[in-house]
């Protein structure tokens, strides 16, 4: 049975615009969490990732959350999942991708939209220890990572079910949208490029020659940054090669675990169609496309008392597998 939302998404009055949804959600989401413990996971290649976690009672579900580009376990959408899991009596874990926990990672490489090994290793370890069902939810870049993982693993994916929210299924189209004209899109990409370039400068000091520093500094678009930094650091020939190899959209037919996909038709960072039409042929996918919602927005309720519909629906979806 494909999942039907427990309620339709109705934007908070005054927040029907895609940019208002995106920006307001980023600004007002609460960031408090249940008590967490930080654990460092040593990786096979000598690097590490940090996770923030808490346990539920024996037999309770456990939710793993994956953040978006330049996010972390402190992102408001991640903390919403952590709080929601705690309220239900579940356990939860938030993965900080390499370089995103507040401490630089050890190697020249960092993380990218198609790198699944770190998340897969975490999920496998948690599955081995779990006494209840294991779920995973990803947001934006983390949603693409999660879908790529599900595609590669098929029936062997170490989760009972998953949810992908505002996934950039076509990375080339996503960058084309982000790098487009207009003040708002300039604001979005400058927000990403500011921290990406800061990390890249620090990386180049530790690993001289790892990539072309001049080209990195000259980059004014996400595509140019990916071409000069992301691609060479991770073994791709170009930004286009990286996008083609890492986009989850062309392989959604390979997912074999129940997966909820939530996307907004007005997502300001994605081109239409935001979900590949052929994905609807996969019976394992529950695809929910709303007219409004922005990018990882989905602010319902009111401006003064907002509710975050996508996170609520992801948890409701998982609750059907208890």
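Residue numbers (this note's numbering): 190 to 511. We put the CB at the ideal spot given by N, CA and C, even for glycine. None of the values given here were measured: they were computed from a predicted structure.
CB contact flag (residue 192, residue 253, <9 Å) = Reading the chain shown from its first residue, position 3 is the one you call residue 192. Reading the chain shown from its first residue, position 64 is the one you call residue 253. No.
Cut-off 6 Å between Cβ atoms - residues of its own chain near residue 298, not counting five sequence neighbours on either side = Within the chain shown, the letter at position 109 stands for residue 298. 422 and 423.
query = Exposed or buried, residue 260, counting other C-beta atoms within 10 Å across all chains shown (16 or more means buried)?
reply = For this step, residue 260 is matched to residue 71 along the chain shown. With 16 or more other Cβ atoms within 10 Å, it is buried.
request  = Mind checking which residues open and close the alpha helix (DSSP H) that includes residue 381?
outcome  = The sequence position of residue 381 within the chain shown is 192, counting from 1. Boundaries of the alpha helix (DSSP H) harbouring residue 381: 372-395, taken from the DSSP string.
request  = Grab me the residues of residue 229's own chain with a C-beta within less than 6 Å of its C-beta, minus the 5 sequence neighbours each way, in chain order.
outcome  = Taking the first residue of the chain shown as position 1, residue 229 is located at position 40. Around residue 229: 237 and 239.
request  = Express the C-alpha separation of residue 417 and residue 448 in angstroms, rounding to a whole number.
outcome  = Sequence index remark: in the chain shown, residue 448 carries index 259 (1-based). Sequence index remark: in the chain shown, residue 417 carries index 228 (1-based). So the alpha carbons of these two residues sit roughly 34 Å apart.
key: Spatial neighbours of residue 392 in its chain, beta-carbon cut-off 7 Å, leaving aside the 5 residues before and after   = As a first step, residue 392 must be located in the chain shown, where it is residue number 203. 297 and 399.
Residue 283 to residue 472 span [Cα, whole Å] = In the chain shown, counting from the first residue as 1, residue 283 sits at position 94. In the chain shown, counting from the first residue as 1, residue 472 sits at position 283. If I take the Cα positions, the gap works out to 28 Å.
Which listed residue (499, 301, 205 and 207) has its alpha carbon closest to that of residue 338 = Taking the first residue of the chain shown as position 1, residue 338 is located at position 149. Of the candidates 499, 301, 205 and 207, the residue whose Cα lies closest to the Cα of residue 338 is 301.
ask   = Which whole runs of the alpha helix (DSSP H) in the segment 412-462 are 4 residues long or more, in chain order?
value = For the segment 412-462, whole alpha helix (DSSP H) runs of length 4 or above, ordered along the chain, are 428-435.
query = The beta strand (DSSP E) with residue 242 in it runs from where to where?
reply = Taking the chain shown and counting its residues from 1, one reaches residue 242 at position 53. Here the beta strand (DSSP E) through residue 242 covers 237-243.
request  = Could you tell me whether the Cβ atoms of residue 497 and residue 508 are closer together than 9 Å?
outcome  = For the purposes of this step, residue 497 is taken as the residue at position 308 of the chain shown. For the purposes of this step, residue 508 is taken as the residue at position 319 of the chain shown. No.
task = State whether the segment 375-395 contacts the segment 264-275, with contact taken as three or more CB pairs (one from each stretch) at a distance under 8 Å.
result = no
ask   = For residue 405, is the classification buried or exposed, using 16 other Cβ atoms within 10 angstroms of its Cβ as the cut-off for buried?
value = Against the chain shown, residue 405 aligns to sequence position 216. Buried, by the Cβ-count rule.
inquiry  = Give me, in chain order, the residues of the same chain whose beta-carbon lies closer than 8 Å to that of residue 207; leave out the 5 immediate sequence neighbours on both sides.
reply    = Looking up residue 207 in the chain shown gives position 18. Closer than 8 Å at Cβ, skipping near neighbours: 453, 455, 456, 457, 481, 482, 483, 484 and 486.
ask   = Near residue 420, what residues of its chain come up, given a Cβ to Cβ distance below 6 Å and the 5 sequence neighbours on each side ignored?
value = Counting from 1 along the chain shown, the entry for residue 420 is found at position 231. 427, 428 and 431.
ask   = Hey, how far is the Cα of residue 379 from the Cα of residue 414?
value = Taking the first residue of the chain shown as 1, we reach residue 379 at position 190. Taking the first residue of the chain shown as 1, we reach residue 414 at position 225. Rounded to the nearest angstrom, the two C-alpha atoms are 11 Å apart.
C-alpha gap between residue 292 and residue 303, whole angstroms = Translated into positions along the chain shown, residue 292 becomes position 103. Translated into positions along the chain shown, residue 303 becomes position 114. Between residue 292 and residue 303, the C-alpha separation is close to 22 Å.
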